[in-house]
Every structure is written in structure tokens, then in C-alpha cells.
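Protein chains in written order, with numbering that gives the first Met the number 0: chain A, 0 to 345; chain B, 0 to 171; chain C, 0 to 106.
Don't be surprised by glycine CBs; every beta carbon is placed ideally from N, CA and C.
I have placed the structure first, in the form of C-alpha cells, so that the comments after it can refer back to it.
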Amino acid sequence: MSPELFNVAAAGAKIAFVWGVVLAALLPMLIWAERRVAAFIQDRPGPNRVGPLGLFQSLADAIKFFMKEDVTPTYADRFLFNLAPWITLVPAITTFAIIPFGSSLPVTLGGQTYDVPLIIADVNVGVLYMFALTSIGIYGIVLAGYTSNDKFSLLGGIRSSAQIISYELAMGISAIGVFMTAGSLRLPEVVAYQQQHIWNVVPQILGAVIFIISAFAETNRLPFDLPEAEAELVAGYHTEYSAFKFAMFFMGEYANMVAASALIVTLYFGGWSLPGIAFTGVAGALLSIAVFAAKTGLFIFIFLWVRWTLPRFRYDQLMDLGWKVFLPLSVLNLLYVAILVAAGKA
Amino acid sequence: MNTETIVFALASALAIVFSLVMLFQRKPVKSVLSLVVTFFGLAILSVLLAAPFIAALQVIVYAGAILVLFLFVIMLLNLEQEAADKETRKIHFYLGILAVLGLGGLVTGLTLRAGNPPVPVGNGPFLIPAKDEIPLLGKVLFTDYLLAFEALSVLLLLAAVGALILSKRRFE
Amino acid sequence: MNAVEPMAVAPAAYLTVGTLLFFIGMAGALLKRNALSIFLSIELMMNAANLLLLTYARMRGDISGQVIVFFVIAIAAAEASIGLAMFVALFRARSTVDVDKINLLKW
């Protein structure tokens, strides 16, 4: 088997694994988990009828989404109206390509041992790929708001996209600190740096806090979810969407949440590594996947937890925070990290 | 017929087809979206030209920020499609088509006929390294092109302030 | 692909694609009446020029071409924001962005 063919097959296997785990298993579990966590925080039972502990609730929801009537508003531009959910969903599920979810897995095939790095695409622009996809995802929201031919949708769409653009800046600038210390944009290098030194959250606590809060704003999660709040804007930019297209928006939001958690873990909390343990061989690779899954799961839980605990920001408070607080603080963080790097090198 | 040729053919076909769609499209929103796809094709071509950082930058800045700004303005001003009448512009229209086809055909033909231009190989410190060109790009930006870089940041600041002032409503 | 090996696709192909896109953009800039469509076509022309610059950078193995493209992209961002602010101000004054109707300076 030629190395090229093996690489293609390995990439296909990794994609199948990540999509299978994330899309087929994690997202339904996440929907169920959100409702159970919400219920626990609000001191009520939550879904407990469909299956043991209500575990098949997501299946019932999926059947409901397929069976509902698909309504299109009268004066909406049909092509763009139908396209918008895809533009939101596809970047959300493709951002997993650059995130390393384990150390390398040695595979022996036909007597020859290959070392398969557990990352789907190790491009040398690294996390810029994820920022690019977030920028593309904005189009889905703007189009959904505009083509619905509805005032609430338009307002929700514009507010949401303006919020994403504003917090993208603070997110990017605070992430630069991580890349300066690691010396590369590629995420495996960032994880390797954290393995040799210390988790990035310790020296760059300000950057980590800014990044995590900006990730909340990027994924439109409370306390930054005014664009889709029920009391204010009916349902924001996905008011006019029903059945399967709404399910696509819904899935896209949760996939974004998972991707954001994975990115936070990789950039600031060591990724798949633990301090002091060497992950070698097949057992090491599996252990590293488990460690990564546990850390990401913790952050997903924090996303869910915060949603049902904090009230939401008003829109002008939200924009003030993004431009007047986080942007200067992230630049300060950049300066601080630059001084650290220069002092360390000198 | 290796993968690079196939990817080049697909990406350039994508770019050219969608730029033609943008040309013939009446509604501003659809022409902006066609241009987004064109820029995607151009970003793929940039990756083929050993410039993945520029490709990411094109998608983030051009397709993801500038064209979103276009969309915002279109939505804010609520622009409808171009007027159907071309009465006063018929002669200009035909002259324009003639000019574009003539000049475009001439230059494209010359480019095709010229083949691969003989260019000398670049000098030492600026040679694109084999594996990863981003460290060299960063170093060159902050050493040899520092003045232009700083001027660019001032320019961006001016543009931000200027855009704010130009679009302010005057309350009389 | 990296920059030290010879190009798999002939540079003339990239140059032709860039030239074609440039002239499609020029057609849009000359023939359209909506000011925003003209502006979009100008952005396409700039991007076609970027493609040509990148081709030459790859042929020479010189990173200066990529640096120039970096600057051009940033300048395009600055110019787009100012241009669109002008269109907004224009629309507020004349209620149209049709360039044929902006003719106060005509003799």
C-alpha cells in the first residue's frame, strides 16, 4: 500500500470517526444533556418519559423535525432562504478538521508501521482556517435574517452578525498570545508546547478569560444570545424557519459549541495532553483521546451551565463590552505576552 | 493529470463561472454571494501557489469581512434591482462591450501567446522556504517592510474614523 | 506543495485565469449602473491582480509578492469601508445609487 493511498484512507477514517462521534452520537446526547442540566438547575425533572432517563428524547425530537410541515414565507427569496441554513451548518461541522484530538496512533499494515497523527488536516495556517470558517458562517445568519422578509428576522440577523464580527476581533487578538509562545499557528505545535512547558491558561489567564467569553458570544450562547431571545425577537434570525431547516440551525449552533469548547481546550488547557504523562503507542493514543474528550466535555458542560444561570445582556451592553472592554484588554494581553516572550528569549 | 492540475482546473472554473454569474446578476445580494464563491476559488488557487496564509487572509478579510460589509450596506439601503430601461445608454452599452472584448481579447491572447515568462529567481533572504512560509512572512513584514506596515496601520485607522464620519447622520 | 519545486501547472495558466477575471471585472465596472455593483467589480479586478502577483511570487520563489498581496488586501479593506460609507451618504442625499442619476456636475 503506497503511503499516499494510506494517507487518504487514514484521513477518511479520521473524518468518519470525528463526524460519527460528534454528529451522530454527541449532538443528540448534547440536546438531551442541555435539557437535563437545565432541569436540574431549575429544580424540575426534565425529560424522563422517552426511554430510560429520557435518553431517547433526541430521537423523538428528530422524528418531530422530519415530520413537521415546511413553511416558506410568501415574499421570501426561495433559493437564498433555503441556502442559508446550509451556510450556517457546513462551517460548523467542518471546523473539526484542524483540531488535534489525540497523540499519534501507530498503525501496522502489511508489515509496515505508519504513525497516524490524530488530526484530520494539519494545515500550516492552523487556526486561521477556523477563523475563516467562522467568517463564512456569518453569511448564513445575515442571509437568514434578510431573506425571511420579516422585521424580527432582519433585526436578529443584523444583531447576531454584528456581535459575531465584534467578538471575533477580541478572540483573534487574545489567541495571538498563544501563537507567539508556541511559535506556530498549527494546533499540534501549541499542544506540544503546552506539554513541554505549562498549560497556557496559567501565564495567559487574561487571554484565556477573554477567549472563553468571546467564544460564548461567537456561538450566540447566553449571556450573549439576545439575537435569538424569545422575549425580545420571537426567535431572531430563525423565526421563519420550520422543520428540517430549523433543525439545521439548531445542530449548527450545538456543533459550533462543541468546536469552540475543543478549541478552548486545545489553546489554553493542554489539548489532549496531561502534564507529566507520555502518550506513546496505541494505549497512549486512546488515553489521549479520552483525556481530550473529558476536557471538551467539561467545557461543554460549562457552556450549558452558564446558559441557565446568568441573565442575558442587553444589546448595547453586549457591543460596549466587545469593543470598549475586550478589545483593549486583549491588546494589553498581547503586549504582556510579547514582553514575556522577548524576556524569555533574551 | 495529477491532483494539482485537477484542483487548478476546478478552482479556476469555479472562479470564472461565478464571476460571470456576478456580472449578469441583477439583484445586488446575489451578485455579492457569487463574488464570495469567486473569492473562494481564488483562495484555492492561492493555496496551489504556495501561499496558504494569503488564502486564509483572503477568506477571512475579503470574503468574510469586506463582502459582509457590502451585504450590510445593501440591506441597510434596501436596494432593489437595476432599472430595466437602458434607452439612454444603448450606445454606451455597445461601446463598453466592444472595449472590454477588444482589450480583454487582445491582452488574454498576448498572455497565452507569451507562454511562461522568463523571470529571474529571487534573492536570498526573501526565498520562500520549503515547508512553512509564515515565519518568513512575519519576519519580513516586521523588518524589511516595517515602514509600509506602520503606514498601513495608520491607513486603517484613518479609514475607520473616516467611515464613521462620512456615514454620520447630520441632525439639523 | 512548497515553493522550491517546479510548478506542476504552467504559470501561463494562472496568468490567463487572472487576466480573464480582470477583464470580467472591468466589464462589470464599465457596464453596470448600480454603484455597488461597480464597486464589486473593482474588488474583483483587485483580486485578479493579487492572483497575478502571487503567480510571479511563486515563479521567483520570492516572498515579496506575498507581502504586497497582504498589503493590497488590507488596503482594499480600508478602501471598501470608505467607499461604502460614501455610498451610504450618497443614498441619504439623493435616494438612489444609480450612477446615471448622480449628474449634478454635468454641464
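Can you grab the Cα-Cα spacing for the pair residue i / residue j, in whole Å?
{"i": "residue 99/B", "j": "residue 25/C", "result": "7 Å"}
{"i": "residue 106/A", "j": "residue 187/A", "result": "19 Å"}
{"i": "residue 16/B", "j": "residue 191/A", "result": "43 Å"}
{"i": "residue 139/A", "j": "residue 67/B", "result": "11 Å"}
{"i": "residue 317/A", "j": "residue 221/A", "result": "11 Å"}
{"i": "residue 60/B", "j": "residue 44/C", "result": "16 Å"}
{"i": "residue 272/A", "j": "residue 162/B", "result": "46 Å"}
{"i": "residue 137/B", "j": "residue 47/C", "result": "24 Å"}
{"i": "residue 7/C", "j": "residue 3/B", "result": "7 Å"}
{"i": "residue 92/A", "j": "residue 131/A", "result": "13 Å"}
{"i": "residue 78/C", "j": "residue 292/A", "result": "45 Å"}
{"i": "residue 16/A", "j": "residue 92/B", "result": "56 Å"}
{"i": "residue 30/A", "j": "residue 57/A", "result": "6 Å"}
{"i": "residue 39/B", "j": "residue 53/B", "result": "12 Å"}
{"i": "residue 105/B", "j": "residue 75/C", "result": "28 Å"}
{"i": "residue 103/C", "j": "residue 93/C", "result": "11 Å"}
{"i": "residue 37/C", "j": "residue 97/B", "result": "18 Å"}
{"i": "residue 315/A", "j": "residue 82/C", "result": "26 Å"}
{"i": "residue 256/A", "j": "residue 78/B", "result": "35 Å"}
{"i": "residue 32/A", "j": "residue 262/A", "result": "21 Å"}
{"i": "residue 26/B", "j": "residue 326/A", "result": "36 Å"}
{"i": "residue 241/A", "j": "residue 87/A", "result": "15 Å"}
{"i": "residue 55/C", "j": "residue 62/C", "result": "10 Å"}
{"i": "residue 128/B", "j": "residue 50/B", "result": "11 Å"}
Does any residue of chain B have a CB that is nearer than 8 Å to the CB of residue i?
{"i": "residue 16/C", "result": "yes"}
{"i": "residue 104/C", "result": "no"}
{"i": "residue 57/C", "result": "yes"}
{"i": "residue 173/A", "result": "no"}
{"i": "residue 92/C", "result": "no"}
{"i": "residue 345/A", "result": "With a pLDDT of only 49 at residue 345/A, under the threshold of 50, the placement of this residue in the model should not be trusted; the figure read from the coordinates follows. No, residue 345/A lies away from the interface with chain B (no Cβ there is under 8 Å from its Cβ)."}
{"i": "residue 85/C", "result": "yes"}
Name the chain E residues that come within less than 7 Å of residue i, Cβ to Cβ?
{"i": "residue 141/A", "result": "Here chain E cannot be found, since the structure's protein chains are A, B and C."}
Does the beta carbon of residue i sit closer than 8 Å to a beta carbon anywhere in chain A?
{"i": "residue 172/B", "result": "Examination of residue 172/B is not possible in this model, given that chain B is present from 0 through 171 alone."}
{"i": "residue 143/B", "result": "no"}
{"i": "residue 28/B", "result": "yes"}
{"i": "residue 133/B", "result": "yes"}
Could you name the residues of chain A that residue i contacts, counting a contact when the two beta carbons are closer than 9 Å?
{"i": "residue 74/B", "result": "141, 144, 145, 153, 156, 157"}
{"i": "residue 35/B", "result": "135, 138"}
For residue i, go through chain B and note every residue whose CB falls closer than 7 Å to its CB, in chain order.
{"i": "residue 23/C", "result": "18, 19, 22"}
{"i": "residue 62/C", "result": "125, 127, 132, 135, 136, 139"}
Can you pull the chain B neighbours of residue i, defined as C-beta to C-beta under 9 Å?
{"i": "residue 75/C", "result": "60, 61, 65"}
{"i": "residue 188/C", "result": "Here chain C covers residues 0 to 106 and nothing more, so residue 188/C does not appear."}
{"i": "residue 79/A", "result": "28, 29, 32"}
{"i": "residue 160/A", "result": "67, 70, 71"}
By the criterion of Cβ-Cβ separation under 7 Å, what are the contact partners of residue i in chain A?
{"i": "residue 55/B", "result": "124, 127, 128, 131"}
Which residues in chain B have a C-beta closer than 8 Å to the C-beta of residue i? List them in chain order.
{"i": "residue 48/C", "result": "What residue 48/C touches in chain B: nothing, since even the nearest Cβ is about 11 Å away."}
{"i": "residue 184/A", "result": "133"}
{"i": "residue 1/A", "result": "The premise fails here: residue 1/A is roughly 14 Å from chain B at the closest Cβ pair, so nothing lies under 8 Å."}
{"i": "residue 72/C", "result": "53, 56, 57, 60, 61"}
{"i": "residue 81/C", "result": "158, 161, 162, 165"}
Within 8 Å (strictly less), CB to CB, does residue i reach chain C?
{"i": "residue 106/B", "result": "yes"}
{"i": "residue 137/B", "result": "no"}
{"i": "residue 103/B", "result": "yes"}
{"i": "residue 155/B", "result": "yes"}
{"i": "residue 15/B", "result": "yes"}
{"i": "residue 98/B", "result": "yes"}
{"i": "residue 151/B", "result": "yes"}
{"i": "residue 78/B", "result": "yes"}
Against residue i, what residues of chain C qualify as contacts under a CB-to-CB distance less than 7 Å, listed in chain order?
{"i": "residue 160/B", "result": "None at all; the shortest Cβ gap to chain C is about 10 Å."}
{"i": "residue 31/B", "result": "39"}
{"i": "residue 92/B", "result": "30"}
{"i": "residue 9/B", "result": "Those within 7 Å of residue 9/B in chain C number zero; the least Cβ separation is about 12 Å."}
{"i": "residue 41/B", "result": "46, 50"}
Report whether the distance from the Cβ of residue i to the nearest heavy atom of the ligand FMN is below 7 Å.
{"i": "residue 92/A", "result": "With respect to the ligand FMN, the structure shown offers nothing to examine, as it has no ligands at all."}
I believe residue i touches residue j by the beta-carbon criterion, under 8 Å. Please report the beta-carbon distance rounded to the nearest angstrom.
{"i": "residue 170/A", "j": "residue 210/A", "result": "6 Å"}
Who are the neighbours of residue i on chain C, taking C-beta pairs under 8 Å?
{"i": "residue 38/B", "result": "46"}
### Query
Touch check for the region 300–316 of chain A and the region 30–46 of chain A: three-plus C-beta pairs under 8 Å?
With a cut-off of 8 Å, the region 30–46 of chain A and the region 300–316 of chain A count as touching, because enough Cβ pairs lie within range.
### Task
Report yes or no: do three or more beta-carbon pairs, one from the region 60–77 of chain B and one from the region 157–167 of chain A, lie closer than 8 Å?
The region 60–77 of chain B makes contact with the region 157–167 of chain A, as at least three CB pairs between them are under 8 Å.
### Message
Under 8 Å: do the region 110–129 of chain A and the region 88–98 of chain A share three or more Cβ pairs, one atom per stretch?
### Response
Judged by Cβ distances under 8 Å, the region 110–129 of chain A makes contact with the region 88–98 of chain A, as three or more pairs qualify.
#### Entry: Contact the region 54–64 of chain A vs the region 209–228 of chain A: 3+ CB pairs below 8 Å
Taking a contact to require three or more Cβ pairs closer than 8 Å, the region 54–64 of chain A and the region 209–228 of chain A do not qualify as touching.
### Task
Report yes or no: do three or more beta-carbon pairs, one from the region 104–113 of chain B and one from the region 14–24 of chain C, lie closer than 8 Å?
Yes, they touch.
### Task
Would you check if there are 3 or more beta carbon pairs closer than 8 Å linking the region 251–266 of chain A to the region 192–211 of chain A?
The region 251–266 of chain A vs the region 192–211 of chain A: in contact.
### Query
Are three or more beta carbon pairs between the region 171–183 of chain A and the region 325–337 of chain A nearer than 8 Å?
Taking 8 Å as the limit for Cβ pairs, the verdict is that the region 325–337 of chain A does touch the region 171–183 of chain A.
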